[in-house]
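**Q** Below is the structure I would like to discuss, written out as structure tokens.
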Amino acid sequence: MDAASVAQSTTGTLATYAKRIGLRSRPDMEILLDNHAEGKIYTTLDALSGRVEITAPQNARFDEIQITLEGVVKTYVENLSPHTTRARTTAVHNFLKLTMPMRDSDYPQPRIAEAGQTYKFPFNFVIPNQLLPRACSHKCNTEHVHHAHLQLPPSMGCREVSIKDDLAPEMSKVEYSIKVKVLRSADDGKDVSLAEKSRKLHIVPAQAELPPMSILTGHSDYDLTKTKTLRKGMFSGKLGKITVSATQPSAIILPSPSLGDTLPATAMATLNLRFDPHDKASQPPRLGGLTTKIKATTFFAARPNEFLPSHTTMTAHFETVRGVYDTAVPLSSRCVEAVSWTKHKAAPAYTRRGSASSSDSSDCSDDSPEAKPGSEYYSATVLVPITLPTSKTWIPSFHSCIVSRTYTIDLNLSIHTPGSGVPASTVSLHLPFQIGADGNQNEQAPMTAAEAAAELADAEEFLRPRVIEVPNAAHIGNSVLVPRASELPPSYEDFAASQPQVVDPGRC
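In terms of numbering that gives the first Met the number 0, the sequence shown is residues 0 to 507.
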């Protein structure tokens with residue numbers, strides 16, 4: 000039997016069962032959100048309140064209306080192994096499910112939906128600022144990884160809530176939705192869904208800026224320093240050596256959705272250039288163009304990650320159930336020929352550095368092995384603004400159990416030598432970059448009337464006046480506590496008696 004026959008058979012079975020229990024056609028169901036507008040983005044601690052309206056086409060009995068706020072991650076990885084017949088391996092991670100408690104007064108009595116009657120069921124959810132520990136129950140190599148997996152991931156790969164491209168592949172999706180189900184208990188005690196509907200939401204949780212990454216030697220994802228030897232001409236001698244370095248730029252923090260349209264978020268990267276001439280006659284080279292682009296990397300897997308994924312870790316731990324998708328967006332291209340060089344003289348070997356100088360080693364410091372005492376070198380600084388284009392939907396950097404998103408800033412600097420016949424040299428740097436989100440962390444989560452009344456009652460009970468009185472004389476000195484022998488703490492004698500005795504074999 001082919002897949003189409005199986006699907007038709009399954010649909011027919013469900014339709015027959017629904018007709019047998021009294022529901023011959025689907026009811027009209029609407030999920031209405033308060034203060035909602037098309038394209039609205041929700042964030043941490045935002046309230047999702049509204050109601051569900053259900054209109055039945057004919058009288059139908061039901062047992063429960065279930066309204067939930069759910070978050071799910073879906074991935075699939077193409078199977079390249081010849082040892083399997085499956086085209087792909089899929090994974091679904093339901094990391095969030097909040098259920099709205101329903102009161103008996105919300106239901107009709109008896110629980111029979113009358114034909115043409117519209118029933119309204121209110122709901123109220125609050126987007127949490129963190130997931131429960133059970134959302135990530137697999138093994139992690141560090142606590143830092145487990146903590147990262149307990150943060151809410153942003154909506155990704157869902158074109159129903161975001162018209163603009165968010166640079167996500169089809170192999171990974173993060174979806175949030177409000178779902179409503181009409182349930183009825185079957186003869187075997189299981190709940191059967193008579194009808195259901197969902198409404199997807201665009202959620203971008205708050206994400207604070209993390210500390211700068213510690214780039215280890217041999218990490219192929221990033222290059223923070225590059226050194227290149229320059230020549231005067233095709234058949235001439237060396238001009239000198241140029242070193243281009245940079246540190247991780249500060250993160251771009253997406254503004255809170257409640258602020259509306261604001262100016263594009265901007266960060267700044269700093270390029271430090273140092274030129275060590277081959278001889279005193281060599282002058283610094285002429286700089287050319289500087290192009291900047293941002294690379295978005297999406298890691299997806301059909302199996303939970305025990306570590307934070309990267310290109311380096313994927314190479315070291317090659318698995319067919321993991322994949323990666325890279326895409327780049329150009330940011331800027333400009334000429335930096337006007338950047339001026341500053342001449343320096345390397346400090347003598349016996350010169351002591353000031354206490355205010357940095358203790359970090361750098362290729363642009365006077366303590367570089369290339370700098371001989373008394374030699375001359377040149378330095379320059381280039382400021383590189385980073386502005387995210389508004390033509391894309393930018394989501395914060397995140398790591399979940401099976402999906403991660405990271406960013407890299409690629410800088411390409413062209414350098415021209417004075418000799419003829421020598422092509423321009425290019426130095427490329429790849430800097431780690433973060434995108435965060437403000438959210439509404441300063442706002443308190445709204446409480447329902449019942450929650451506010453319970454909190455007030457607890458406060459009043461805690462602040463209730465209490466009087467400490469001297470106990471009655473009849474109760475003083477009349478309490479006798481006689482512990483049982485088994486309840487007494489062990490003494491040394493008891494411990495010694497319980498030890499096995501050593502018997503001399505010769506006396507047996």
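All residues carry an ideal CB built from backbone N, CA and C; glycine is no exception. Remember, predicted model here, so these are calculated numbers, not experimental data.
Across which residues does DSSP place G435 in a beta bridge pair?
**A** The residue labelled residue 435 in the question sits at position 436 within the sequence shown. According to DSSP, which records beta bridges pairwise, G435 is partnered with I252.
**Q** Determine the DSSP secondary structure at Y16, reduced to helix, strand or coil.
**A** As a working note, residue 16 is residue 17 in the sequence shown. For Y16, the predicted model reports a pLDDT of 49, less than 50, meaning its position is unreliable; a value from the coordinates is still stated below. Residue state, collapsed to three classes: helix.
**Q** Quick one: what does DSSP say D457 is sitting in, helix, strand or coil?
**A** Within the sequence shown, residue 457 is the residue found at index 458, counting from 1. Helix.
**Q** Are the beta-carbon atoms belonging to P204 and S399 less than 7 angstroms from one another?
**A** The count along the sequence shown starts at 1 and reaches residue 204 at position 205. The count along the sequence shown starts at 1 and reaches residue 399 at position 400. No, these two residues do not count as a Cβ contact at 7 angstroms.
**Q** Determine whether the beta carbon atoms of L131 and F94 lie at a separation below 7 angstroms.
**A** Indexing the sequence shown from 1 puts residue 131 at position 132. Indexing the sequence shown from 1 puts residue 94 at position 95. It is not a contact, given that the beta carbons lie outside the stated cut-off.
**Q** Are three or more beta carbon pairs between the segment 182 to 190 and the segment 398 to 417 nearer than 8 angstroms?
**A** no
**Q** Look at the alpha carbon of I293 and the alpha carbon of V173, and state the distance between them as a whole number of angstroms.
**A** Counting from 1 along the sequence shown, the entry for residue 293 is found at position 294. Counting from 1 along the sequence shown, the entry for residue 173 is found at position 174. For the pair I293 and V173, the Cα-to-Cα distance works out to about 22 angstroms.
**Q** Might you give, ordered along the chain, the residues of its own chain that have their beta carbon closer than 7 angstroms to the beta carbon of R87, omitting 5 neighbours on each side?
**A** By one-based count along the sequence shown, residue 87 stands at place 88. Same-chain partners within the cutoff: Y75, V76, E77, N78.
**Q** Taking M313 as part of the alpha helix (DSSP H), name the residues at either end of that continuous run.
**A** Here the question's residue 313 lines up with position 314 in the sequence shown. M313 -> alpha helix (DSSP H) spans 310 to 315.
**Q** Grab me the residues of I475's own chain with a C-beta within less than 6 angstroms of its C-beta, minus the 5 sequence neighbours each way, in chain order.
**A** Within the sequence shown, residue 475 is the residue found at index 476, counting from 1. So the list is empty, once near-sequence residues are dropped.
**Q** With C-beta atoms as the reference, is L200 less than 7 angstroms away from Y41?
**A** Reading the sequence shown from its first residue, position 201 is the one you call residue 200. Reading the sequence shown from its first residue, position 42 is the one you call residue 41. In contact: L200 and Y41 (Cβ atoms closer than 7 angstroms).
**Q** Could you check if R273 is buried or exposed, using at least 16 other CB atoms within 10 Å of its CB as the buried criterion?
**A** Translated into the one-based positions of the sequence shown, residue 273 becomes position 274. That one is buried.
**Q** Tell me the DSSP secondary structure of A55 in three-state form.
**A** Working through the sequence shown from its first residue, we reach residue 55 at position 56. If DSSP states are grouped into helix, strand and coil, A55 belongs with the strands.
**Q** S255 and D33: beta carbons closer than 7 angstroms?
**A** Translated into the one-based positions of the sequence shown, residue 255 becomes position 256. Translated into the one-based positions of the sequence shown, residue 33 becomes position 34. Taking 7 angstroms as the Cβ cut-off, S255 and D33 do not qualify as a contacting pair.
**Q** For L286, tell me which candidate among A346, S374, I467, A337 has the shortest Cα-Cα distance.
**A** As a working note, residue 286 is residue 287 in the sequence shown. For the residues A346, S374, I467, A337, the minimum Cα distance to L286 belongs to A337.
**Q** Using DSSP's beta-bridge definition, name the partner residues of L270.
**A** What you label residue 270 is simply residue 271 of the sequence shown in a count that begins at 1. A245, V381, per the DSSP bridge assignment.
**Q** Looking at the structure shown, is V203 part of a helix, part of a strand, or coil, going by DSSP?
**A** Translated into the one-based positions of the sequence shown, residue 203 becomes position 204. It is coil, neither helix nor strand.
**Q** For T311, collect the residues of the same chain with a Cβ closer than 7 angstroms to its Cβ; drop the 5 residues on either side in sequence, then sort them by chain order.
**A** As a working note, residue 311 is residue 312 in the sequence shown. Cβ within range, chain order: H218, S219, D220.
**Q** Does the beta-carbon distance from T386 to P263 come in below 7 angstroms?
**A** Numbered from its first residue, the sequence shown carries residue 386 at position 387. Numbered from its first residue, the sequence shown carries residue 263 at position 264. Yes, the pair counts as a contact, with Cβ atoms nearer than the cut-off.
**Q** Across the segment 137 to 145 and the segment 157 to 168, are there enough close Cβ pairs to call them in contact, namely three or more that are closer than 8 angstroms?
**A** no
**Q** Can you tell which of V469, F397, T392 has the C-alpha that lies nearest to the C-alpha of I162?
**A** Looking up residue 162 in the sequence shown gives position 163. Of the listed residues, the one whose Cα sits closest to I162 is T392.
**Q** Would you mind sorting D164 into buried or exposed? The rule is 16 or more other CB atoms within 10 Å of its CB.
**A** The residue labelled residue 164 in the question sits at position 165 within the sequence shown. Its Cβ having fewer than 16 others within 10 Å, D164 is exposed.
**Q** Using a Cβ distance threshold of 8 angstroms, determine whether the segment 102 to 120 contacts the segment 45 to 63, with at least three qualifying pairs required.
**A** Yes, the segment 102 to 120 is in contact with the segment 45 to 63.
**Q** Just to confirm my understanding: we take G239, look at its own chain, exclude 5 residues before and 5 after, and list those with CB closer than 7 angstroms. What are they?
**A** Here the question's residue 239 lines up with position 240 in the sequence shown. The answer, listed in chain order, is L229, F274, D275, P276, H277, S281.
**Q** Name the one or two DSSP bridge partners that Y376 has.
**A** Against the sequence shown, residue 376 aligns to sequence position 377. For Y376, which the question treats as bridged, DSSP gives the partners H343.
**Q** Go ahead and pull the three-state DSSP assignment for R133.
**A** One-based indexing of the sequence shown puts residue 133 at position 134. In the structure shown, R133 sits in a helix (DSSP, three-state: H, G or I).
**Q** What whole-angstrom Cβ distance do P283 and A268 have, given they're in contact under 8 angstroms?
**A** Along the sequence shown, read from residue 1 onward, the residue named residue 283 stands at position 284. Along the sequence shown, read from residue 1 onward, the residue named residue 268 stands at position 269. Incorrect: roughly 21 angstroms between the Cβ atoms, too far for contact.
**Q** Roughly how far, in whole angstroms, is the beta-carbon of T341 from the beta-carbon of S378, given that I think they are within contact range, below 8 angstroms?
**A** Indexing the sequence shown from 1 puts residue 341 at position 342. Indexing the sequence shown from 1 puts residue 378 at position 379. The pair is a contact, with the Cβ atoms about 5 angstroms apart (cut-off 8 angstroms).
**Q** H145 by DSSP, collapsed to three states: which one?
**A** By 1-based counting over the sequence shown, the position of residue 145 is 146. Secondary structure of H145 (DSSP, three-state): helix.
**Q** Can you say whether D222 is buried or exposed, counting buried as having 16 or more other CB atoms within 10 angstroms of its CB?
**A** Taking the first residue of the sequence shown as 1, we reach residue 222 at position 223. Answer is buried; the Cβ neighbour count reaches 16.
**Q** Please name the residue in T54, S48, G38, A46 whose C-alpha comes closest to that of P26.
**A** Numbered from 1 along the sequence shown, position 27 holds the residue referred to as residue 26. Selected option, being the one with the closest Cα: T54.
**Q** Assuming contact is defined by CB atoms lying nearer than 7 angstroms, are P384 and T246 in contact in what I supplied?
**A** Indexing the sequence shown from 1 puts residue 384 at position 385. Indexing the sequence shown from 1 puts residue 246 at position 247. Between P384 and T246, the C-beta spacing is not below 7 angstroms.
**Q** Taking buried to mean at least 16 other C-beta atoms within 10 Å of its own C-beta, is D359 buried or exposed?
**A** Start at 1 with the first residue of the sequence shown, and residue 359 comes out as number 360. Model confidence at D359 stands at a pLDDT of 42, short of 50, so the residue's coordinates are unreliable; what they give is reported in the following sentence. With fewer than 16 Cβ atoms within 10 Å of its Cβ, D359 is classed as exposed.
**Q** Given E318, which residues of its chain have a CB within under 6 angstroms of its CB, disregarding the five upstream and five downstream residues?
**A** Looking up residue 318 in the sequence shown gives position 319. Counting only Cβ-Cβ distances below 6 angstroms, and skipping sequence neighbours, we find nothing.
**Q** Which partner residues of L430 appear in the DSSP bridge assignment?
**A** Numbered from its first residue, the sequence shown carries residue 430 at position 431. For L430, which the question treats as bridged, DSSP gives the partners I408.
**Q** From E52 to K196, what distance separates their C-alpha atoms?
**A** Locating residue 52 in the sequence shown gives position 53, counting from the first residue. Locating residue 196 in the sequence shown gives position 197, counting from the first residue. E52 and K196: Cα-Cα distance of roughly 11 angstroms.
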